[in-house]
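For the record, the sequence lines run as chains Z and G. With the first letter of the first sequence counted as 1, position 233 gets the number 286 in my numbering; the numbers rise by one all the way through. With the first letter of the second sequence counted as 1, position 4 gets the number 57 in my numbering; the numbers rise by one all the way through. Have a look at the structure below, then the notes.
There are 2 protein chains.
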Amino acid sequence: MDYKQFIEEQISEIRDTVGREKAINALSGGVDSSVVTVLGHRALGDQLKTVLVDNALMREGEPEHVVKLFGKLGIKVSLIDAREEFLTALAHLTDPEQKRQAITDTFYAKVFARLVKESGAKFLLHGTILTDIEETVAGIKRQHNILAQIGIDTQKAYGYGVIEPLKSLRKDAVREVATALKLPRELSQRIPFPGPALAARIVGPVTKERLETVRAATTIVEEELSETGAFQYLAVLLSDLATGIRDNKRQFGEIVVIRCIDSVDARTATVKELGWDKLNRICERIVQIKGVNRCLYDLTPKPPATVEYV
Amino acid sequence: MDYKQFIEEQISEIRDTVGREKAINALSGGVDSSVVTVLGHRALGDQLKTVLVDNALMREGEPEHVVKLFGKLGIKVSLIDAREEFLTALAHLTDPEQKRQAITDTFYAKVFARLVKESGAKFLLHGTILTDIEETVAGIKRQHNILAQIGIDTQKAYGYGVIEPLKSLRKDAVREVATALKLPRELSQRIPFPGPALAARIVGPVTKERLETVRAATTIVEEELSETGAFQYLAVLLSDLATGIRDNKRQFGEIVVIRCIDSVDARTATVKELGWDKLNRICERIVQIKGVNRCLYDLTPKPPATVEYV
């Protein structure tokens, strides 16, 4: 595939669609939204406003770091603090579908709707990729960013049109486009991170405390596993507790699952066969997180498991 | 330690204590209760009635198999079907302490109390070992068979006196005694199995269906891991569910954890560093169990984890 041609085509299509209107897009720092941000700014310049919504669900220091990275690329990103709104929406929810829905609704119907209104944008640029569409349509996974494809008229529901420059690509092709756009490696090779972010890494209720636990585990996993070259690696906090021993007393502790997979396009995945030095070291660090006394490694390929738990 | 002398001392102490009364003991097939059964029959002959209570929580085919094994040793064991009583007592309980308590109460206050009454026994022979006492007293784990040590007067509470011939030994010494008693290897080297049996391998509610799931997983784990020579290996069913894919559709599936540890006396344990061939094969078989779509391997030593989850 000729990615340069693809880039030119998308830029001109974005320009044609938006015309003299304003557009807006939300950047998460993942490769999909990063590519859309760069394509959008090349196409629209100041007509495009890029926001990064801090939904309380991002990794340690991530919101500020991503804003800085794009600053270096000459792209201004507005950091929006919406942490309380998301935490309130998620309070007391345990069902995975309800959690995803609460995040979708809070993002599109509340926070983003407000930002669109304030910005006067008529178009939303969106980092949907082909796998998102396929999995949602097949009923495997409800991606938070799939709207039109499941019959939601975004113009009617949220007040804007949606442009999806990457909807014909899978993850590997998006990385090629990122490289062709000369995005820094940290962005083009960034491991996939789900739309619901760390909320997708928490089985059961999402609270500030539980987010802190899974955020600390995520930092450890990323430090330990980035060098493996794996497609994706993640830490999941379960809601079950297990018995353990602290200070010679029984303790019911939290359980953290480590998952590390190889994949080309996220449609199927195999488990990375890590060495025991690495597994032991990760476990040792994970059980130092407050309240955690178990660390498990997920042995399951996709299928029959998915990459995420929620 | 001279195990022959230990055996003679215990046999004579059991004889002295029981005198001309009748005694009863419950055999599970674990090494502790097996040794007590043999010691008791050497000391008391027909004065001792041995029962095996099928509490619905045992492994596949285990009750019948253990009865047969002891038959070959010339010891008659009565198989008592108490499955419904235990399942009823466990229904709707999720708290580990409440589950253990329900099993203890059903066993001692109901099923066993009835058997004691029917048998006219004045003494119960019990397979308590030192580690059980230490962990219960330290508050790490409430072993179901610890009564006197935490202030329960069994004579008053249940109507019989308790004799504990193994209470000065740890697991490794019990195995030596079993070997000295010429118990078959299958019994002397039997891996530890918790008092609450498969109920200790289920996080959350214990139902017939969930017992079937963890029983099937236990069969797989024991088939695959007995050759490793590990101290203990087990399968645990969590109550959390995770997303997966079956027949191209999203499925919330059950999660099974595999644990395989090395230990001398169960006070501390290290994780067995299994090879990836073995891990992959176990996972492949586990996710073929109906409703299961994740298989995890527990990386955590004891401490900070315990061997069991409940």
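Backbone N, C-alpha and C fix where the C-beta goes; we use that ideal spot for every residue, glycine too. Owing to the predicted nature of the structure, the values given are computational and were not obtained by experimental measurement.
DSSP, read as helix, strand or coil, puts Z/Lys209 in helix. Contact between the segment 136-150 of chain Z and the segment 76-84 of chain Z is not established, with fewer than three Cβ pairs separated by less than 8 Å. Chain-ordered, the chain Z residues with CB closer than 8 Å to the CB of G/Ile298 read Ile193, Lys355, Pro356, Pro357, Ala358 and Thr359. Here DSSP, grouped into helix, strand and coil, assigns G/Gln304 to strand. Taking C-alpha positions only, Z/Ala319 is separated from G/Arg303 by approximately 15 Å. For Z/Glu326, the residues of chain G that pass the 7 Å Cβ criterion are Trp329, in the order they occur in the chain. Less than 8 Å separates the beta-carbon of G/Gly257 from that of G/Thr147.
Taking C-beta atoms as the reference points, G/Phe305 and G/Thr296 count as a pair closer than 8 Å.
A straight-line Cα-Cα distance of about 6 Å links Z/Ile298 and G/Pro356. The segment 100-114 of chain Z and the segment 64-79 of chain Z touch, with three or more beta-carbon pairs separated by less than 8 Å. The alpha carbon of Z/Ile67 has as its nearest neighbour, out of Z/Val169, Z/Tyr286, Z/Val215 and Z/Leu126, the alpha carbon of Z/Val215. Between the segment 243-263 of chain Z and the segment 322-336 of chain Z there are fewer than three inter-stretch CB-CB distances shorter than 8 Å, so the stretches are not counted as touching. Comparing alpha carbon positions, the residue from Z/Thr181, Z/Thr271, Z/Ala269 and Z/Ala252 closest to Z/Val227 is Z/Thr181. Contact annotation for G/Ser292 against chain Z: Asp293 [CB-CB distance below 7 Å, chain order]. Within chain Z, Asp351, Leu352, Thr353 and Ala358 have C-beta atoms less than 9 Å from the C-beta of G/Cys348, given in sequence order. For G/Val119, no CB of chain Z lies under 8 Å from its own CB, so it is not counted at the interface with that chain. Between G/Thr353 and Z/Arg254, the gap from beta carbon to beta carbon reaches 8 Å or more. Counting along the chain, G/Leu278 sits inside the alpha helix (DSSP H) bounded by residues Lys261 to Leu278.
At a cut-off of 8 Å, the C-beta of G/Leu332 has a neighbouring C-beta in chain Z.
Within the segment 255-275 of chain G, contact with chain Z at the beta-carbon level (separation under 9 Å) is assigned to Val256 and Gly257. When DSSP states are grouped into helix, strand and coil, G/Ile342 belongs to the coil group. The beta-carbon separation of G/Val169 and G/Ile133, rounded to 12 Å, does not stay under the 8 Å limit for a contact. Excluding its 5 nearest sequence neighbours in each direction, Z/Tyr213 has C-beta neighbours in its own chain below 7 Å: Val169, Ala174, Lys175, Phe176, Leu177 and Thr207, listed in chain order. Exposure of G/His145 is indicated by the presence of fewer than 16 other C-beta atoms within 10 angstroms of its C-beta. Per DSSP, the continuous beta strand (DSSP E) segment holding Z/Gln285 begins and ends at Gln285 to Arg299. Ranked by Cα distance from Z/Thr157, the first of Z/Thr271, Z/Pro247 and Z/Gly93 is Z/Pro247.
In the assembly as shown, G/Thr189 is a buried residue. Its beta-carbon has 16 or more other beta-carbons within 10 Å.
Closest in alpha carbon position to G/Leu97, among G/Glu117, G/Ile308, G/Val120 and G/Ser65, is G/Ser65.
Scanning chain G for C-beta atoms nearer than 7 Å to the C-beta of Z/Val169 yields nothing, as the closest lies near 30 Å away. The residue among Z/Leu290, Z/Val230 and Z/Arg167 with its C-alpha nearest the C-alpha of Z/Phe59 is Z/Val230. Rounded to whole angstroms, the separation of the alpha carbons of Z/Ala358 and Z/Gln242 is 24 Å. Going by C-alpha positions, G/Tyr161 is about 19 Å away from G/Pro218. Here the C-alpha atom of Z/Leu234 lies approximately 8 Å from the C-alpha atom of Z/Val88. Listed along the chain, the chain Z residues whose CB falls inside 8 Å of the CB of G/Pro149 are Thr296 and Phe305. Of the other Cβ atoms in all chains shown, 16 or more fall within 10 Å of the Cβ of Z/Lys224; this residue is therefore buried. The beta carbon of G/Arg268 lies closer than 7 Å to those of Arg112, Glu113 and Leu251 in the same chain, with the five residues before and after it left out.
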